[in-house]
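> In full-length UniProt numbering, the protein residues as written are 1 to 74. Where a beta carbon is used, it is the ideal one built from N, C-alpha and C, also for glycine. Input: one structure, supplied below.
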């Protein structure tokens, strides 16, 4: 089964989700943006592109806010 180049599609389409690393320290959670995710064309899967991989904490995928979708390179 042939697949399209997902990298070029991801560069032109805003992400469906943003990936965040959440580190809990005491009562506070510190959120750091670490990547993005896009639905596959058939919407039966998701491609996740991380710029860093955390060694502790958790990764949370959230839909972008309207102002985050407008950021260049997001």
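Work out the CA separation of residue 36 and residue 55 for me, nearest whole Å.
The residue labelled residue 55 in the question sits at position 55 within the chain shown. The residue labelled residue 36 in the question sits at position 36 within the chain shown. Those two C-alpha atoms are separated by around 18 Å.
> What ranges does the alpha helix (DSSP H) occupy inside the region 26-59, keeping only unbroken runs of at least 4 residues that lie completely in it?
Complete alpha helix (DSSP H) runs here, min 4: none at all.
> For residue 25 and residue 63, I'd like the C-alpha separation in whole angstroms.
Stepping through the chain shown from its first residue, residue 25 is reached at position 25. Stepping through the chain shown from its first residue, residue 63 is reached at position 63. Their Cα atoms are separated by approximately 24 Å.
> May I have the straight-line CA-CA distance separating residue 43 from residue 58, to the nearest angstrom?
Sequence index remark: in the chain shown, residue 43 carries index 43 (1-based). Sequence index remark: in the chain shown, residue 58 carries index 58 (1-based). Residue 43 and residue 58: Cα-Cα distance of roughly 24 Å.
> Rounded to a whole number of angstroms, what is the C-alpha to C-alpha distance between residue 67 and residue 19?
On the chain shown, position 67 is the one that residue 67 refers to. On the chain shown, position 19 is the one that residue 19 refers to. Taking the straight line joining both Cα atoms gives about 16 Å.
> Using DSSP's beta-bridge definition, name the partner residues of residue 61.
Here residue 61 corresponds to residue number 61 of the chain shown, with the count starting at 1. Bridge partners of residue 61: 19.
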